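Engineer:
Numbering (my numbering), first residue to last: 1 to 687.
#1: Run through the DSSP bridge pairs and tell me what residue 265 is partnered with.
#2: Pull the bridge partners of residue 199 from the DSSP assignment, please.
#3: What is the rounded straight-line gap between the Cα of residue 248 and the Cα of residue 112?
#4: Using the C-alpha atoms, what's the distance from residue 149 back to residue 350?
#5: By DSSP's criteria, residue 346 is part of a beta bridge. Which residues make up the other side?
#6: Taking the CB atoms as reference points, tell me whether residue 78 and residue 169 lie closer together than 9 Å.
#7: In or out: residue 85 buried (at least 16 other Cβ within 10 Å) or exposed?
#8: Give the range of the alpha helix (DSSP H) segment to which residue 524 is assigned.
#9: I need the DSSP call for residue 670, collapsed to helix, strand or coil.
#10: At the level of alpha carbons, what is the spacing between residue 89 and residue 346?
#11: Residue 365 and residue 412 - do their beta-carbons sit closer together than 9 Å?
#12: Return helix, strand or coil for residue 69, following the three-state DSSP convention.
#13: When the Cα atoms are used, what is the spatial distance from residue 81 to residue 648?
#14: On a CA-only basis, which of 604, 628, 521 is nearest residue 563? Give me that one, please.
#15: Give me the Cα-Cα distance between residue 275 and residue 237, rounded to the nearest whole angstrom.
#16: In its own chain, which residues sit with a C-beta less than 6 Å from the C-beta of residue 273, not counting the 5 before and 5 after it?
#17: What is the residue span of the alpha helix (DSSP H) that residue 460 lies within?
#18: As an exercise, report each continuous alpha helix (DSSP H) stretch of at least 4 residues that is fully enclosed by the stretch 281-316, in chain order.
#19: For the alpha helix (DSSP H) that residue 22 lies in, which residues bound it at each end?
#20: For residue 653 versus residue 214, is the C-beta spacing smaller than 9 Å?
#21: Are the CB atoms of residue 448 and residue 48 nearer to each other than 9 Å?
#22: Quick one: grab the DSSP three-state call for residue 425.
#23: Count the other CB atoms within 10 Å of the CB of residue 362; is the residue buried (16 or more) or exposed (fewer)?
#24: Where do the ends of the alpha helix (DSSP H) carrying residue 489 lie?
#25: Taking three-plus beta-carbon pairs below 8 Å as touching, is the stretch 350-360 in contact with the stretch 486-497?
#26: Count the other CB atoms within 10 Å of the CB of residue 267; is the residue buried (16 or more) or exposed (fewer)?
#27: Verify whether the separation of the beta carbon atoms of residue 542 and residue 296 is less than 9 Å.
#28: Compute every distance between the C-beta of residue 34 and the non-hydrogen atoms of the ligand HEM, then say whether any falls below 8 Å.
#29: Got a sec, what are the start and stop residues for the alpha helix (DSSP H) residue 161 sits in?
#30: Determine the contact status of residue 33 and residue 454, defining contact as a CB-CB distance below 9 Å.
#31: Have a look at 630, 322, 306 and flag the residue whose alpha-carbon is nearest the alpha-carbon of residue 342.
#32: Taking the alpha carbon of residue 134 as the point to measure from, which residue in 38, 10, 442 has its own alpha carbon closest?
#33: For the alpha helix (DSSP H) containing residue 641, list its first residue and its last residue.
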């Protein structure tokens with residue numbers, strides 16, 4: 001044991017205690033069930049239901065995500081691995097998420113520690129080793145930052161909401177990339193370092209940004225923000241400074257060496273950010289620009305670009321209160337009842353929030369030299385929301401969008417309270433921090449307990465958000481699942497109230513009406529006319545969203561499987577209303593084609609609708625496979641072969657091998673039947 005490692009131990013032991021406490025707090029939530037977007041991404045996504053390990057299966061799993069055009073292959077492969085080893089038992093999936101969260105906590109500790117080391121005061125060479133006293137203090141503060149971040153209630157969905165592994169997995173690469181970048185820059189700035197050491201530091205910084213961003217993007221697109229975070233760290237902490245000895249060599253004739261060291265800008269760092277930040281940002285904006293200005297991009301939303309930007313000002317400011325105060329009715333998971341801002345004064349908090357954001361930006365500039373960690377934390381918080389709270393037509397609010405942003409807030413605030421004993425009001429400040437940690441721990445533990453049982457969670461979230469259509473729908477849906485469609489079940493009478501309440505709330509999707517129709521039809525009970533009227537009226541009022549598409553697909557499947565007797569004219573009215581908008585989604589055309597072909601038996605019209613699905617999304621193989629099968633039934637063999645050839649061009653990594661082989665076999669059989677082939681000639685015609 002050396003004297004240098006001794007002082008580090010308080011911080012290390014505190015970090016170990018924080019990891020253990022986080023594990024304990026979350027363990028009650030691991031026993032819960034699937035929720036909301038878990039279903040389309042995992043439970044109902046056969047692509048991640050991996051049963052054998054080969055290139056085709058792994059490729060199919062990697063490219064199976066319905067959440068993004070970029071497919072998020074790494075996240076999908078981790079889902080496939082969970083399924084391969086434990087099936088659809090949510091416990092192991094949530095446990096995997098928890099371990100990812102703990103790993104993020106360790107990385108947060110390391111990043112915080114190196115930033116605290118770099119920004120400590122009265123140090124002529126920040127790259128030199130800190131004193132033992134400094135090391136002890138830095139370790140404790142870094143552990144407090146990481147502990148606070150791991151225990152924040154707002155980060156719970158990044159752990160227990162399985163599909164948000166995409167976010168937490170991407171965050172691993174973001175934090176690892178920042179750690180590598182900071183380490184490389186400190187190496188570059190070392191007074192005692194050789195030119196070779198500095199060059200290796202630049203290489204480490206550049207490699208960390210490029211590789212970590214690329215790897216993180218395979219989990220979720222939020223990893224693209226890593227270069228921006230590194231830029232903010234460079235601007236506030238390192239100041240784009242050159243290594244001192246290089247500055248000495250450049251010019252010592254017009255001033256002393258110290259001044260030259262401090263004021264020279266490192267062009268290699270500027271060039272690095274031009275390549276990893278400026279160029280990708282310009283390319284990204286050019287790529288996004290047409291979609292942002294297209295009315296079709298906003299058709300399924302109840303906001304446009306202007307009202308989105310106004311609303312996000314309130315949301316981003318509100319996230320700060322949600323993170324720090326964590327009141328249960330704020331952290332309600334469902335936020336579909338949020339009132340969109342229509343002007344600066346409607347509601348009045350819009351203008352107030354914009355002023356708060358401006359004040360935060362000014363604070364970054366004001367305190368970046370005197371309190372760099374505070375300025376950096378605020379800058380990282382604001383920077384994190386640049387992607388999801390600006391021009392891209394995403395949904396307005398999600399708690400998990402603060403997974404990294406909340407680290408910025410902890411970086412800014414915790415060091416203001418975790419102060420040396422000699423600091424002013426040290427005991428009071430430590431007391432405030434301790435009270436905050438205790439409060440966050442209790443709130444996270446109580447919420448995790450609710451997540452440990454599906455019905456307990458549904459009741460909790462419905463109570464937190466009584467005016468949320470989604471929350472009320474999920475409560476009704478939970479009762480449906482618990483009833484097992486048995487008329488005598490004690491849960492059956494409980495189904496109707498939350499679903500009917502949800503259907504009458506403003507901006508509700510057709511999920512509640514669909515669930516009511518589905519439930520009664522499955523139990524052969526009368527279906528109220530009002531439910532159908534409300535469903536169709538909702539589809540006529542606005543362009544269908546993902547939930548509406550899922551609702552119509554569920555009704556179609558129920559009718560196709562003979563479980564529901566649904567009036568054909570009502571289903572047709574619903575579909576016709578849904579497809580009456582420009583740029584109808586391919587999934588909607590596919591569901592309509594499925595219903596028309598399999599339930600109505602109208603093959604000609606079903607074929608036409610499925611062709612619309614293929615045209616709407618030519619890159620989705622599932623629609624082409626369905627189209628080929630229809631062509632084969634209708635004996636349109638040349639058209640079937642044309643679509644099979646198109647599928648071959650889409651067969652990345654052999655993921656479609658089985659489907660293409662099956663379709664080829666059916667095509668060959670159809671040709672042989674047409675030509676009255678013998679068994680021998682049939683065998684010779686196989687691919």
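For glycine and all other residues, C-beta sits at the position ideal for the given N, C-alpha and C.
A quick note: this is a predicted structure, and the numbers were derived from the prediction, not measured.
Structural biologist: On the basis of the supplied data:
#1: 241
#2: Answer is none; residue 199 lacks a bridge partner.
#3: Since pLDDT at residue 248 reaches only 47, below the 50 mark, its modelled position is unreliable, and no value is offered.
#4: 28 Å
#5: 343
#6: Remark: C-beta atoms of residue 78 and residue 169 approach each other more closely than 9 Å.
#7: exposed
#8: Following the DSSP letters along the chain, one finds residue 524 in no alpha helix (DSSP H), marked with neither H nor E.
#9: helix
#10: Cα to Cα, the separation comes out at about 46 Å.
#11: no
#12: coil
#13: Rounded to whole angstroms, residue 81 and residue 648 show a C-alpha spacing of 27 Å.
#14: 521
#15: 21 Å
#16: 231
#17: 454-464
#18: 295-298
#19: Under the DSSP assignment, residue 22 falls in the alpha helix (DSSP H) whose first and last residues are 9-26.
#20: no
#21: no
#22: coil
#23: Exposed: under 16 other Cβ atoms inside 10 Å.
#24: It is not in any alpha helix (DSSP H) - residue 489 carries neither H nor E in the DSSP assignment.
#25: no
#26: Exposed.
#27: Result no, Cβ atoms of residue 542 and residue 296 do not sit closer than 9 Å.
#28: With respect to the ligand HEM, the structure shown offers nothing to examine, as it has no ligands at all.
#29: Where residue 161 is concerned, there is no enclosing alpha helix (DSSP H), given that its DSSP letter is neither H nor E.
#30: yes
#31: 306
#32: Comparing Cα positions, the closest option is 10.
#33: 637-649
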